[in-house]
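Step one of this worksheet: look at the structure below.
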Amino acid sequence: MKKHNFSAGPCILPQEVFEKASQAVLNFNDSGLSILEISHRSKDFVAVMDEARALALELLGLEGKGYKVLFLQGGASTQFLMVANNLLQSKAGYLNTGTWSSKAIKEAKLYGEVIEVASSKDANFNYIPTGYEIPEGLDYLHLTSNNTIFGTQIKDFPTTSAPLICDMSSDIFSRQLDFSKFGIIYAGAQKNMGPAGATLVVIKEDILKEIDRKIPSMLDYKVHLSKDSMFNTPPVFAVYTSLLNLQWLKAKGGIEAIEKENEKKATLIYSEIDLNPLFKGFASEKDRSTMNATFNLTKPELESTFEKMLKEGGINGTNGHRSVGGYRASMYNALSMESVGTLVDIMSDLERKA
Ligand SMILES: *Cc1c(COP(=O)(O)O)cnc(C)c1O
């Protein structure tokens, strides 16, 4: 039986994407060859790469606005250092909203001065700081739009004259934003876009200035841009599967349509968390993520009963991250309302039984 998959990443993808991807492994485009054995320079794969890049821009509403798309490797974690390597000349600002922001800060410090404009570390990152000042003269300001581990999400983005760089790994393509506010958006594919192995980087080309530093080719955005994301062998299968997922999203009505579904799913689980006395939400209410809901049992002695019920209900992947504990329900685009309903029913059953 197919499970209800609430895994934080790698995550659930639509069933039709799994099916089409499997077919391509056996016989890609009726070519008599597997997607896994064709040249990345072949006409068929170049078409995949071109369509994936164009469709990502189209879905984000960034066509004709000076942006280019790359599919790179090394995960969002490599972007932590690539961003700083390519853009940090004197000083950069970072908003520290969790584990991933902290890791980005650590890498950036290898390249220059890092100013932490604000942090929510004082409360184990259960909120998004507000009312902080952003110094003038930053090379860029770095943000993490959705904090996968803690279950918080930035709703209002700060404005500043410096380019905004945003790690959107866990909420890319999930909600409508004015994406043209950002200089670089990056995301490890495996949270909401595709399988592990590809990293989406959307760059506004004019933010790339000359910098007093030698950048190794593989880490240089300009090199990858000049080769249309084909400087070296791209992650062929991950790009193809991401394309299938982007096509699925477009056919559903794009980000506008999926955002409505994501909001319904989030409303359903958060109302259960708030109404059921056995559960308590972790993240501050105003900053709750529509993608990752984090919560704890108020009666820890019910843990084994609850976990047994989850298992019997076919629920997978709801354990919280070790730095928060408790539970985390990740509700990425492909997770159905029905799956969230099943989880919520189990939570209310627990209340009846307890
Ligand atoms: C998972 C995650 C990362 C790390 O991604 P990798 O692709 O594993 O390097 C970075 N940022 C956020 C917000 C994440 O959720």
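Per numbering that gives the first Met the number 0, the sequence shown starts with residue 0, numbered consecutively. Idealized CB from N, CA, C, for every residue including glycine. Small disclaimer: the values here were computed from a predicted structure and weren't measured.
- Cα atoms of residue 321 and residue 329: separation of roughly 15 Å, rounded to the nearest angstrom.
- DSSP, read as helix, strand or coil, puts residue 340 in helix.
- Within its own chain, the residues whose Cβ lies closer than 7 Å to the Cβ of residue 189, once the five positions on either side in sequence are excluded, are 8, 9, 10, 195, listed in chain order.
- Secondary structure of residue 240 (DSSP, three-state): helix.
- DSSP places residue 255 inside the alpha helix (DSSP H), whose first and last residues are 253-274.
- For a cut-off of 8 Å, the C-beta gap from residue 353 to residue 298 is around 7 Å, short enough to register as a contact.
- Rounded to the nearest whole angstrom, the C-alpha separation of residue 305 and residue 336 is 21 Å.
- Scanning 85, 31, 345, 36 for the CA closest to the CA of residue 210 turns up 85.
- 8 Å or more divides the Cβ of residue 176 from the Cβ of residue 186.
- In this structure, the alpha-carbon of residue 246 lies about 10 Å from that of residue 58.
- Taking residue 313 as the centre and dropping the five residues before and after it, the same chain places the C-beta of 0, 2, 3 closer than 7 Å to its C-beta, in chain order.
- Excluding its 5 nearest sequence neighbours in each direction, residue 334 has C-beta neighbours in its own chain below 6 Å: 11, listed in chain order.
- Taking 8 Å as the upper bound for CB-CB distance, residue 281 and residue 149 are in contact here, some 7 Å apart.
- Bridge partners of residue 140 according to DSSP: 92, 163.
- At a cut-off of 3 residues, the continuous stretches assigned as beta strand (DSSP E) that sit fully inside the stretch 295-336 are 326-329.
- Under the three-state reduction of DSSP output, residue 206 falls in the helix class.
- Contact check for residue 50 and residue 242: beta-carbon distance about 6 Å, within the 8 Å limit, so the pair qualifies.
- Beta bridge pairing from DSSP links residue 186 with 199.
- In the structure shown, residue 280 falls within a strand segment according to DSSP collapsed to helix, strand and coil.
- With fewer than 16 other Cβ atoms from the protein chains shown falling within 10 Å of its own Cβ, residue 122 counts as exposed.
- Residue 151 is bridged by DSSP to 146, 287.
- Judged by DSSP secondary structure, residue 114 falls within the beta strand (DSSP E) whose first and last residues are 112-118.
- Check the Cα spacing between residue 239 and each of 264, 35, 29: the tightest is with 35.
- Residue environment analysis places residue 131 among the exposed positions, since fewer than 16 neighbouring C-beta atoms fall within 10 angstroms of its C-beta.
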